[in-house]
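See below for the structure under consideration.
In UniProt numbering, the protein residues as written are 1 to 145.
Structure follows, in structure tokens:
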């Protein structure tokens, strides 16, 4: 509940982070974690993804990094991906959690890998990393350890 966000934002003090949470109870726990860390301000927004994401994207000039912690929101994954895709640039990185957790997630991951905007994917079994850099040749890596 917020620990992934704290870990991912710990490397720099000047970044802008918007965290979207659709479960109010999880958001309450995350707020406590964010206030105790007090290193980087995290703009935590609570509500439905379809309401929050368009507003968050308006507040960001561009997307540099997006962590999709949507294992339990599988029905929204395609919409989230397609919506965020409109705001990527050559150095944007997406990370998806739980790409092998279910048949539906495996199918979704294949859809991401085959998308024409995606240049490189790295399948780490429990998560997938996506790059959009047009200087890179289209490649899908699988790394299991």
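Backbone N, C-alpha and C define an ideal beta-carbon position, used for all residues, glycine too.
Could you give the first and the last residue of the continuous beta strand (DSSP E) run that contains residue i?
i, result
"residue 20", "17-21"
The alpha helix (DSSP H) spanning residue i covers which residue range?
i, result
"residue 29", "24-37"
"residue 112", "103-113"
"residue 82", "77-85"
"residue 7", "3-9"
Tell me the DSSP bridge mates of residue i?
i, result
"residue 121", "130 and 140"
"residue 94", "66 and 130"
Which class does residue i belong to by DSSP, given the choice of helix, strand or coil?
i, result
"residue 67", "strand"
"residue 43", "strand"
"residue 54", "helix"
"residue 14", "coil"
Thinking residue i and residue j are a contact (beta carbons under 8 Å), I'd like their distance in whole angstroms, please.
i, j, result
"residue 87", "residue 57", "5 Å"
"residue 23", "residue 65", "Going by Cβ atoms, the distance from residue 23 to residue 65 rounds to 22 Å, so no, they are not a contact pair."
Any contact of the region 24-38 with the region 49-66, i.e. 3+ C-beta pairs under 8 Å? no
Any chance the region 114-121 sits against the region 96-106, with 3 or more Cβ pairs inside 8 Å? no
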